[in-house]
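Report on one structure; see the data block that follows.
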Amino acid sequence: MTIDIDAEVSAGRIGAEAFRNLELAEVNGQASAMYWLEARLKHLERVVESGKAVDIVTSEGFFRIATKADLHAFCAEALPDAYACFLRDSG
Numbered sequence: 281m282t283i284d285i286d287a288e289v290s291a292g293r294i295g296a297e298a299f300r301n302l303e304l305a306e307v308n309g310q311a312s313a314m315y316w317l318e319a320r321l322k323h324l325e326r327v328v329e330s331g332k333a334v335d336i337v338t339s340e341g342f343f344r345i346a347t348k349a350d351l352h353a354f355c356a357e358a359l360p361d362a363y364a365c366f367l368r369d370s371g
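The sequence shown stops at residue 371 when you use the numbering used here, and every number in between is there.
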C-alpha cells in the first residue's frame with residue numbers, strides 16, 4: 281500500500297508509517313530523496329501557514345505542529361539534513 285504523505289498532511293495527521301518514510305528519506309541522503317523530502321516539508325509548511333495544525337506520530341511520541349516555529353523546531357531535530365536543504369532553498 282502506498283502512503284500519500286501529502287494527503288495525510290492535508291488531513292492534519294502524519295501517522296507513524298508515513299513519518300517512517302520521511303525518516304528513511306532523511307537517512308538515504310541521496311539528492312532525489314532530499315528533493316522528495318523537501319517537497320513534503322514545503323507542503324507541510326503551506327498547510328501550517330493556512331492555519332491548520334498537523335499532528336505527527338513518531339517512534340519518539342506525538343508532536344503537534346501548529347505554527348511555523350513549531351515546524352522549524354521539529355524539522356531541525358527530526359529531519360536535520362532535509363531541514364537544511366529546506367532552509368537553503370526557502371531563503
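All C-beta atoms in this analysis are idealised placements derived from N, C-alpha and C, irrespective of residue type, glycine included.
Inset, instruction - With a floor of 3 residues, list each beta strand (DSSP E) that falls wholly inside the stretch 291-364, ordered by position along the chain. - result: 334-338 and 341-345
Inset, instruction - Have a look at residue 291 and residue 363 and give me their C-alpha separation to the nearest angstrom. - result: In the sequence shown, residue 291 corresponds to position 11, counting from 1. In the sequence shown, residue 363 corresponds to position 83, counting from 1. Rounded to whole angstroms, residue 291 to residue 363 spans 22 Å at the Cα level.
Inset, instruction - Return helix, strand or coil for residue 284, following the three-state DSSP convention. - result: Translated into positions along the sequence shown, residue 284 becomes position 4. Correct three-state label for residue 284: coil.
Legend entry - residue 314 versus residue 324: straight-line alpha-carbon distance, rounded: Here residue 314 refers to the residue found at position 34 when the sequence shown is read from its first residue. Here residue 324 refers to the residue found at position 44 when the sequence shown is read from its first residue. About 15 Å.
Legend entry - Outcome for residue 342 when other beta-carbon atoms lying within 10 angstroms are tallied against a minimum of 16: Within the sequence shown, numbered from 1, the residue matching residue 342 stands at position 62. Exposed, by the Cβ-count rule.
Inset, instruction - Please work out which residues of its chain come closer than 6 Å, Cβ to Cβ, to residue 338, disregarding the five sequence neighbours upstream and downstream, and give them in chain order. - result: Against the sequence shown, residue 338 aligns to sequence position 58. 299.
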